[in-house]
Amino acid sequence: MGGLALGSYLAGRASKRISRPLRVYGYFEIFIGLYCALLPFLFNGTETLYATIYNTWGTSFYLLSTVRFLISFLILLIPTTFMGATLPILTEALLYRRDALGSITGNLYAFNAFGAVIGTLGAAFLLIPFLGIQWTIFSTAALNLVLGISAFALDRKLGETKILFEEVREKRPKKLKATQKQNESISISSAAVFVSVFVFGVSGFAAMVSQVAWTRVFSLAVGSTIYAFSIIVAAFILGLAIGSSIGARKVDNCRDLVKTLALVQLGLGTSCMIILPVLGWSPLLFVKLILKYAGSFNLLLTLEFLAVAILILVPTMLLGATFPLVTKIYHTARKQAGRAVGDVYAMNTAGAILGSFFVGFVLIPGLGIQGSLLLAAILFLVSGFVLFFLSASQRKSRGFVAACALVIVALGGSFGLGRTLESWDPMILSSGLYMLSHEKSLEQIAAKGQLLQTLKRQEQGVKYYKEGLTSTVAVIEQDGIRFLKIGGKTDATTFGDMPTQLLLAHVPMMLHPNPVDALVIGLGGGVTVGSVLTYSSIQKVDLVEVSPEVVEVVRDYGFFDEVNNRPFLDNRLNLIVTDARNHVDLTSSKYDVIISEPSNPWMAGMAMFFTQDHLQNCRERLNPGGLICQWLPAYRISKQDFLTVLATFASVFEYVSVWESIPGVDYLFIGSMEPQSIDYKRVTKSLSEIPVQKDLSRLLISDVPTFLSYYLADGKQVQILTRGYPVNTDDNVRLEYSAPRNIFNHSARTIPFNEIRQKSEITLKNILSHPNEKNLIDLVKQTRQGRAWTLEAFKSRWQGDRKAVLQALGRALTLNSSDWNGRDLEIKMRMEAVRNSLQLGQFDNALIRLNKIQLLPGQPDSQFNKYKSIAYQGLRKENLKSN
151 MGGLALGSYL AGRASKRISR PLRVYGYFEI FIGLYCALLP FLFNGTETLY
201 ATIYNTWGTS FYLLSTVRFL ISFLILLIPT TFMGATLPIL TEALLYRRDA
251 LGSITGNLYA FNAFGAVIGT LGAAFLLIPF LGIQWTIFST AALNLVLGIS
301 AFALDRKLGE TKILFEEVRE KRPKKLKATQ KQNESISISS AAVFVSVFVF
351 GVSGFAAMVS QVAWTRVFSL AVGSTIYAFS IIVAAFILGL AIGSSIGARK
401 VDNCRDLVKT LALVQLGLGT SCMIILPVLG WSPLLFVKLI LKYAGSFNLL
451 LTLEFLAVAI LILVPTMLLG ATFPLVTKIY HTARKQAGRA VGDVYAMNTA
501 GAILGSFFVG FVLIPGLGIQ GSLLLAAILF LVSGFVLFFL SASQRKSRGF
551 VAACALVIVA LGGSFGLGRT LESWDPMILS SGLYMLSHEK SLEQIAAKGQ
601 LLQTLKRQEQ GVKYYKEGLT STVAVIEQDG IRFLKIGGKT DATTFGDMPT
651 QLLLAHVPMM LHPNPVDALV IGLGGGVTVG SVLTYSSIQK VDLVEVSPEV
701 VEVVRDYGFF DEVNNRPFLD NRLNLIVTDA RNHVDLTSSK YDVIISEPSN
751 PWMAGMAMFF TQDHLQNCRE RLNPGGLICQ WLPAYRISKQ DFLTVLATFA
801 SVFEYVSVWE SIPGVDYLFI GSMEPQSIDY KRVTKSLSEI PVQKDLSRLL
851 ISDVPTFLSY YLADGKQVQI LTRGYPVNTD DNVRLEYSAP RNIFNHSART
901 IPFNEIRQKS EITLKNILSH PNEKNLIDLV KQTRQGRAWT LEAFKSRWQG
951 DRKAVLQALG RALTLNSSDW NGRDLEIKMR MEAVRNSLQL GQFDNALIRL
1001 NKIQLLPGQP DSQFNKYKSI AYQGLRKENL KSN
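Per the working numbering, the very first residue in the sequence shown carries number 151; after that it's consecutive.
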């Protein structure tokens, strides 16, 4: 945006001296195309410089942000300056009547914005998914070249454009001359001109604040996917295009431009105020669309796009209408058309630059999303109020006093609305309703119109809610379990996700012969990093987390202290608050173990942790004998995407194994450049260490066979499974654009995991120390067979076959009574039976069922006690009736 502002400003001043602007425009487009074709290579060339700075000056988030800004600024300044110069140059080229400046600039801006809408949607839905990043850049650079050549051809045909201007000016109709005289009869003071241009800068600031804040809140409603961001941006630009197009038709016949601009600003502020409450309820509105149309991703996206566009249509249209208005006003003082366009566009872009900085780094972290939107609305209203007083027609009108009074009342009313506006409900915003579309209970609640009441009842469970620099973070407590939610999606819990959170640490730590240095990507609830620190061999753990709010939740508020061993009290932990992808790419540190636990790959930006390029960088950061543990879910992901990630992983690491932390739900990939084997002596020794023993007791793991029951597949089976599947790279970004399309798809669960489990072999080292080697191997086979039946129980539950669930669970727990997942599912089934008994009024039966339930270590007993209390109350009432 800095380049756009600079280019517009400079070109505006030079445009008068350009005799053939179309030819100059052609040169600019050709230069832009050639430069942009070089951009990938220019950015790649900065990596060494960036790495030097990163390793020399430290890992401060704000320092790195400043360095990123400066490097990007220097590279992008040149092409964007030429891009910014095209608008004033084109204005000079196409201005067939000087009194038609407003319509010309308005239409140019509208055409440009409509093109931006097509570009935004085209890039997200066609170009990048099919061509990849680099070829998308090359193809659009080629389009710039075509535009440039076309401009040359048109220039040759038209010749000296100034002669054409003069010819048209002489031949214009008398009616248009009369209209011009009418408009010129209302003079605009220099103060009004100055304030109008300044207001346009303020408008750019407020518009950028609104756009970013709207994007943040809509992403909570529809999900933080790359497609969601694309449709939100496209909807915003579409409103600008429509508004500018309408403004272009009206502006040249407008009698009082300043008054009209004032009314537009007042309308902007008022419309922004009006939609504020609606935005707070947006998750409730959009979940109805998701529940109905989740089966058709493209149709759902189209409807979401239309819904967003309609919600913000009025303010974005009014924003679009301001450009031709302000250009026309400024042109009354600066008769040169190109300069008027250049100066006005530069001022608006400068405001947008400040807005983009302040909304991200200051406003949302300080005021929140709602407060930032309220501030933007107030800026629009104040701007309109000031312009209204400067309006010439209002000063001369007898109704001036009445009009001013009306403005004051409107402004005061808006301020009052802002003060009394009910704060958005954090429970609604952080509910992640879009994630629950497949749940029958949600459909039933929504069908009864009780969704809002249900969320309101759970509101007291909100322990923490903060809208930070990079994400919206919340901690919700329900039935004694705490959930860490980032962008509405659960990323850590104090119970249900415990197998994954613990095994992410213990599997790689057990497999490595002597781990000393470790890297953990992602804090979550702190359970994984806390488990890594239970190993006495560990001397240093680098923990990389991008969100300061997540750090605050875990370190400062201690919401997960009861389950994470309080890692921040351990001086071996080194916290690095930055983007983990950059850390791996740039750091010179080496590690024995790398544990990568980013969020789901369908969330925008997360797929970059599953690319071949990133994994190759991880491999470079491993010490000899080192290994990496990568988490991947099998829920909300297609079979194609799951196996693409696994194929990508296997393309980088020579030796791969797969572990199953939750059947059909969570899987861990272990990669290394040396053969993987389980050292019986090493595992036994680790299990004898009190901190490790205590930590794993929460998963009922106390011996080698139980630990190995979580082993799923060896490298040979991985090769067979992934044969023919593509590799995900930074350039083709397959996963970034494929994963969101399968957010309601659970087909990865159809992978024949049990067949793979049966065919995979485990290599055990140093088992001679076991008194009965054959017995040990038989026990391992038995526990793994138990896990296979647990997976069958999970499958039957997804299919709604309760009888099959109970049969499979019976076999699973007979073979492996220490299977945490099997025990957990058994408890859930028993609790469902208790609930059914209570609903039928069978209180004796409910108590009998409750007494058979043995909770798992660390499992909250709130629901258990709640049901027991209901059963006893029911029995007391029955006894009173019988007496």
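All C-beta atoms, glycine included, are put in the ideal place defined by N, C-alpha and C.
Going by DSSP, which residues form a beta bridge with residue i?
i: residue 668; result: 691 and 743
i: residue 808; result: 819 and 863
i: residue 615; result: 624
i: residue 632; result: 627
i: residue 829; result: 915
Tell me which residue opens and which closes the alpha helix (DSSP H) that residue i is part of.
i: residue 578; result: 576 to 579
i: residue 781; result: Counting along the chain, residue 781 falls outside any alpha helix (DSSP H), though it belongs to the beta strand (DSSP E) covering 772 to 783.
i: residue 715; result: Residue 715 -> no alpha helix (DSSP H), and no H or E assigned at all.
i: residue 974; result: 970 to 989
i: residue 733; result: 730 to 736
i: residue 952; result: 952 to 965
i: residue 358; result: 340 to 372
i: residue 186; result: 171 to 195
i: residue 168; result: Taken as a continuous stretch (DSSP letters only), residue 168 belongs to no alpha helix (DSSP H), as it is neither H nor E.
i: residue 538; result: 514 to 540
i: residue 1045; result: Any property of residue 1045 remains undetermined from this structure, which presents the chain solely from 151 to 1033.
i: residue 296; result: 278 to 308
Return the chain-ordered list of same chain residues with a C-beta closer than 6 Å to the C-beta of residue i, the five sequence neighbours on each side being excluded.
i: residue 173; result: 305
i: residue 395; result: 260
i: residue 417; result: 468
In the DSSP assignment, find the beta strand (DSSP E) that holds residue i and state where it starts and stops.
i: residue 641; result: 639 to 643
i: residue 821; result: 816 to 822
i: residue 725; result: 723 to 726
Do you know whose CA, among the options, lies nearest residue i's CA?
i: residue 832; options: 657, 652 and 780; result: 657
i: residue 468; options: 661, 354 and 648; result: 354
i: residue 440; options: 644, 586, 806 and 1012; result: 586
i: residue 675; options: 715, 687 and 667; result: 715
i: residue 792; options: 1012, 877, 847 and 711; result: 877
i: residue 287; options: 341, 183 and 351; result: 183
i: residue 301; options: 371, 284, 240 and 283; result: 240
i: residue 965; options: 938, 932, 948 and 584; result: 932
i: residue 141; options: 827, 779 and 757; result: This structure cannot speak to residue 141, because the chain is shown only from 151 to 1033.
i: residue 283; options: 938, 470, 883 and 944; result: 883
i: residue 181; options: 229, 445, 157 and 512; result: 229
i: residue 723; options: 766, 667 and 503; result: 667
If I measure Cβ to Cβ from residue i and keep anything under 8 Å in the same chain, skipping five residues before and after, which residues do I get?
i: residue 1014; result: 981, 1000, 1003 and 1005
i: residue 223; result: 152
i: residue 1107; result: Coverage of the chain is limited to positions 151 through 1033, which leaves residue 1107 absent and any answer about it impossible.
i: residue 149; result: The displayed coordinates of the chain run from 151 to 1033. Any statement about residue 149 would go beyond what the structure contains.
i: residue 443; result: 449, 450 and 453
Does DSSP put residue i in a helix, in a strand, or in coil?
i: residue 882; result: coil
i: residue 803; result: coil
i: residue 627; result: strand
i: residue 454; result: helix
i: residue 848; result: coil
i: residue 909; result: helix
i: residue 685; result: coil
i: residue 662; result: coil
i: residue 1002; result: coil
i: residue 790; result: helix
i: residue 702; result: helix
i: residue 446; result: coil
i: residue 839; result: coil
i: residue 467; result: helix
i: residue 678; result: helix
i: residue 761; result: coil
Residues in its own chain within less than 7 Å of residue i by CB, not counting five upstream and five downstream?
i: residue 458; result: 368, 381, 382 and 385
i: residue 401; result: 252, 253, 256, 474, 475 and 478
i: residue 235; result: 157, 158, 160, 161 and 178
i: residue 105; result: Lying outside 151 to 1033, the shown extent of the chain, residue 105 is not represented and no answer is given.
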